[in-house]
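>
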Amino acid sequence: MTSPCNHEHDAPPAQAPIVFHRRWPEEGFTRIPNWIYTDEAIFQKEMDVFFAGKTWNYVGLECEIPEPGNFKRQWIGTRPVIMVRKENGEISVIENRCAHRGAQICWQNTGTVKDFTCPYHQWNYDLDGNLQGVPFKRGALGKGGMPRDFSNKENSLNKLRTVNRGGSIWATFAADAPDFEEYCGPEVLAEIDHMFPGKKLTLLGYSRQLIPSNWKMYLENLKDPYHATLLHTFYITFGLWRADSKSENIPTGGGKHSVMVSHNEGKKVTDATAEMGRFRSDLELLDKETVTPRAEFNRGRVGGAWIFPAAQMGIQANSLKTRHVIPRSPTEHELVFTYYGYEDDDEEMQRLRLKHANLLGPAGFVSMDDSEMLSQMQIGVTGYPDSTGIIEMGGRDTEPTDYMVTEVLIRAFYQYYREAMGL
Amino acid sequence: MTYSREHAALRADLRDFYEEYAVCLDEEDLERWPDFFVEDCRYRVTARENYDQKLPYGLILCLNKNMVKDRVLALRQTTMYEPRSLRHFISAIKVKRIDGDTIEAQANFMIVESQSDREPVVNMVGRYIDTLVRTADGFLLKDRDCVCDNYRVRTSLIIPV
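Sequences listed follow chains A and B, in order.
Per the working numbering: the first sequence = residues 3 to 425.
Per the working numbering: the second sequence = residues 101 to 261.
1) Would you say R252 (chain B) reaches chain A, if we count a Cβ-Cβ gap shorter than 8 angstroms as a contact?
2) Using the Cα positions of L361 (chain A) and W109 (chain A), report the straight-line distance between them to the nearest angstrom.
3) With burial defined as no fewer than 16 other Cβ atoms inside 10 Å of the residue's Cβ, what is the status of E106 (chain B): buried or exposed?
4) Given that a residue counts as buried once 16 or more other Cβ atoms are within 10 Å of its Cβ, and exposed if not, what is R325 (chain A)?
5) T390 (chain A) bridges to which residues according to DSSP?
6) Among the residues of its own chain, which have a CB less than 6 angstroms from the CB of R115 (chain B), if the five just before and after it don't count?
7) Determine the extent of the beta strand (DSSP E) in which H188 (chain B) is found, giving its start and end residues.
8) Quick test of your reading: Q211 (chain A) and V253 (chain B), contact by CB under 8 angstroms. State the CB separation rounded to the nearest angstrom.
9) Under DSSP, the alpha helix (DSSP H) around T294 (chain A) begins and ends at which residues?
10) Chain A beta carbons: is any one of them nearer than 8 angstroms to that of A112 (chain B)?
11) Taking 8 angstroms as the threshold (beta carbon to beta carbon), is L232 (chain A) in contact with chain B?
12) Excluding the 5 residues preceding and the 5 following A108 (chain B) in the sequence, name in chain order all residues of the same chain whose CB lies nearer than 7 angstroms to its CB.
13) Leaving out five residues on either side along the sequence, give the residues of the same chain with a beta carbon under 6 angstroms from the beta carbon of S5 (chain A).
14) Check whether chain B comes within 8 angstroms of I80 (chain A), counting only Cβ atoms and requiring the distance to be less than that.
15) Our contact map puts Y121 (chain B) next to E374 (chain A) with C-beta atoms below 8 angstroms; I'd like the distance itself, whole angstroms only.
16) Report the neighbours of E182 (chain B) on chain A: residues whose CB is nearer than 9 angstroms to its CB, in chain order.
17) With burial defined as no fewer than 16 other Cβ atoms inside 10 Å of the residue's Cβ, what is the status of T231 (chain B): buried or exposed?
18) Is it the case that the region 132-144 of chain B contacts the region 234-243 of chain B, given that we only count it when at least three CB pairs across the two stretches are under 8 angstroms?
19) By the DSSP assignment, the alpha helix (DSSP H) with S377 (chain A) in it spans what residues?
20) Relative to the alpha-carbon of I213 (chain A), which residue among A:A365, A:K357, A:M423 and A:T57 has its alpha-carbon at the smallest distance?
21) What does P364 (chain A) reach in chain B if we use C-beta pairs closer than 7 angstroms?
22) Can a CB atom of chain B be found closer than 8 angstroms to the CB of P332 (chain A)?
23) Hey, which unbroken runs of the alpha helix (DSSP H) at 4 residues or more fall wholly within the region 160-186 of chain B?
24) Ignore the nearest five residues each way along the sequence and tell me which others in V51 (chain A)'s own chain have a CB closer than 7 angstroms to its CB.
25) For the region 184-218 of chain A, which residues have a beta carbon sitting closer than 8 angstroms to at least one beta carbon of chain B?
26) Could you give the first and the last residue of the continuous beta strand (DSSP E) run that contains F137 (chain B)?
27) Contact between the region 390-401 of chain A and the region 26-35 of chain A: three or more CB pairs below 8 angstroms?
28) Curious, which full-length alpha helix (DSSP H) runs of at least 4 residues does the region 270-353 of chain A contain?
29) Is there at least one Cβ from chain B nearer than 8 angstroms to A414 (chain A)'s Cβ?
30) Looking only at its chain, what residues have a beta carbon closer than 7 angstroms to the beta carbon of G158 (chain B), apart from the 5 residues adjacent to it on each side?
31) Is V233 (chain B) near D201 (chain B), with beta carbons less than 8 angstroms apart?
32) So that I know if they touch, is there some Cβ in chain B lying closer than 8 angstroms to that of A359 (chain A)?
33) Pop quiz: F53 (chain A) and I78 (chain A) are said to be a contact at Cβ under 8 angstroms. What is the actual Cβ separation, rounded to whole angstroms?
34) With a threshold of 8 angstroms between beta-carbons, can R282 (chain A) be considered close to chain B, or not?
35) When burial is assigned at 16 or more other CB atoms within 10 Å of the CB, is S94 (chain A) buried or exposed?
36) Going along chain B, which residues have a C-beta under 9 angstroms from D117 (chain A)?
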């Protein structure tokens with residue numbers, strides 16, 4: 003006899019444990035096996051090892067939550083968190099899940115609260131995640147309630163280690179993660195400080211898009227100056243990013259981070275433009291301001307730093323923005339741009355920041371090409387999980403370069419990735 | 101605004117204008133798209149998240165008609181994208197204010213996207229929040245905020261809203 007609660011038949015295949023037999027190609031980090039973009043077990047391991055591990059994750063900007071009680075809902079990998087300004091003015095990052103049964107306690111993207119109450123059983127937390135109240139803790143009519151030794155203190159929300167670097171907010175789940183400065187290293191930290199020099203920030207807005215591709219494809223795209231010199235006609239033609247620009251490609255943090263910068267050269271014809279298949283000498287914009295930055299930072303550099311696992315701090319023309327990747331599944335990620343300026347920007351500078359934001363995001367003159375390409379790439383690798391990608395442009399090493407036509411940053415990343423993932 | 105016969109006639113005229121706009125984009129007759137705007141126009145596509153917080157950023161932000169024309173140039177000449185068919189469905193036209201030849205109005209939009217090898221999906225849904233001017237040749241857009249309810253854009257926003 004079997005009852006509905008006591009099945010004797012075998013578990014269906016989907017519930018059977020996943021046994022992983024795949025092996026990384028012998029060539030090492032000059033090859034990428036396609037199964038890392040599709041496999042559910044790999045994805046789960048990435049969430050545990052990276053996003054929940056000893057990494058520092060981008061959470062937001064201080065200017066998004068200026069007043070006490072202001073909050074912003076956010077994700078670190080697949081884990082929901084809340085960034086909130088406390089009464090004392092400090093910023094806290096707490097897990098967005100009730101300690102009782104796990105429901106999200108915060109359902110809105112932004113807002114202002116005095117405290118957080120889980121709608122399910124109304125367990126109540128202060129802005130720092132401390133459990134303040136459990137309804138019917140002593141029961142009703144003298145019966146029920148929590149055990150006498152139940153401690154509010156021991157059942158508070160997990161509070162993440164949090165760092166505020168010039169108005170950019172970072173958090174880690176790991177008590178034993180290195181300090182933020184040590185985690186970033188001097189090269190990446192210099193880029194962050196360049197964009198967040200301690201001036202008060204102004205929030206300009208968000209773009210969000212859901213891209214049907216693995217999150218690492220976006221990471222690779224931002225470590226790939228080679229594609230930008232070929233795919234993005236708009237960049238190439240208007241000199242915002244060209245194969246013959248001065249550039250730096252620096253893998254850091256053992257390959258997990260990178261600095262990738264270039265110089266905005268403006269539209270010009272050189273010997274190298276002949277190689278740029280998409281250079282269009284005939285193309286001119288009616289509104290030239292869209293592609294004409296005003297000198298702002300001393301070094302005149304554009305691009306930025308990728309801070310592993312999922313953030314980039316970058317400048318393009320006068321548009322300042324953070325990019326944040328939120329993995330949703332092995333084959334889907336969300337990409338969020340947060341655009342900002344400085345409180346002391348004059349009217350022209352704010353106009354330029356907004357105009358130049360037309361280059362980026364889901365409708366960006368440049369970024370449109372990327373999201374379109376990544377969804378095509380995912381279709382290709384999903385169909386051929388046992389095939390491999392070739393990462394040999396610019397050599398087979400991981401040394402920094404001062405030229406564009408290279409995949410060095412991707413190689414360095416996979417050198418790190420294999421070791422961290424044990425693959 | 102309270103209902104009046106004159107108001108109903110205006111709304112019918114606006115419906116013609118909105119549908120003409122929809123046909124222009126659905127047929128990818130992009131070169132004709134700037135003709136819907138005055139020279140000194142503002143056109144923006146933004147998510148409700150930004151609109152509600154009064155944030156100035158736009159996924160597309162054109163601060164004059166030249167920028168509207170540049171959008172068309174970029175789409176035609178530089179953008180690499182997978183072809184798709186879009187259908188705009190515009191409804192619930194509401195006249196909010198009339199001031200001489202200037203009219204504030206809004207309407208709902210829904211855009212359904214079909215790609216060559218996939219089922220149609222709702223690409224975007226939201227509101228046009230408009231200021232129009234009535235000219236001898238019909239209405240022209242002075243200010244258009246396309247405010248989408250979408251939290252996220254599906255992959256990319258190629259053809260303007």
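For every residue, glycine included, the Cβ atom is placed at its ideal position computed from N, Cα and C.
In terms of the structure at hand:
1) yes
2) 32 angstroms
3) exposed
4) buried
5) A:P35
6) I193
7) R184 to D199
8) 4 angstroms
9) Careful: T294 (chain A) lies outside any alpha helix (DSSP H) and carries neither H nor E.
10) no
11) no
12) none
13) Here the model assigns S5 (chain A) a pLDDT of 47, short of 50, so the residue's position is not dependable and the matter cannot be decided.
14) According to the sequence provided, residue 80 (chain A) is Thr. The question's Ile does not apply to it. No, its Cβ sits nowhere closer than 8 angstroms to a Cβ of chain B.
15) That pair is no contact at about 25 angstroms.
16) E374, S377 and Q378
17) buried
18) yes
19) S369 to G385
20) A:A365
21) L159, V253, S256 and L257
22) no
23) 165-177
24) A422 and M423
25) L205, L206, G207, Y208, S209, R210, Q211, L212, I213 and P214
26) F137 to A147
27) yes
28) none
29) no
30) R144, V145 and T146
31) yes
32) yes
33) 5 angstroms
34) yes
35) buried
36) By Cβ distance, chain B contributes nothing, its closest Cβ being about 22 angstroms from D117 (chain A), past 9 angstroms.
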